[in-house]
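J.: Can you keep this structure in mind? I'll have questions shortly.
Residue numbers (the working numbering): 1 to 104.
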């Protein structure tokens, strides 16, 4: 699993029939900052993920990639490579709280 921030959404009117009605999101993976290991910083790439939990823009999420993504409930037969599998409430690194959800 990885941590990522939702930075947007993807709309695709033509897609595999099994994907109809599924919400797609753009995620920017978050990494531990090498200059300050108690902080997270955004990575350079973005990933399209299928949303299984109702995540929204700006939220920090846990996501899985590859065959692990298809282990999420209802995704076994879908052609997906990444899926939101958790909404993050807090993150602590080296004993310091580095993230807290606005509603958490």
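No residue lacks a Cβ here, since even glycine has one placed at the ideal position from N, Cα and C.
Measure the CB-CB distance between residue 25 and residue 48 and report whether it falls below 9 Å.
T.: It is a contact, given that the beta carbons lie within the stated cut-off.
J.: Between the Cα of residue 1 and those of 88, 101, 41, spot the shortest distance and give me the residue it belongs to.
T.: Of the listed residues, the one whose Cα sits closest to residue 1 is 88.
J.: Exposed or buried, what is residue 3 when buried is set at 16 or more other beta-carbons lying within 10 Å of its beta-carbon?
T.: Buried: at least 16 other Cβ atoms inside 10 Å.
J.: With DSSP run on the structure shown, which of helix, strand or coil describes residue 20?
T.: It is coil, neither helix nor strand.
J.: From the DSSP output, read off the bridge partner residues of residue 69.
T.: Partner(s): none; residue 69 has no beta bridge.
J.: If you draw a straight line from the alpha carbon of residue 52 to that of residue 67, how long is it in whole angstroms?
T.: Those two C-alpha atoms are separated by around 15 Å.
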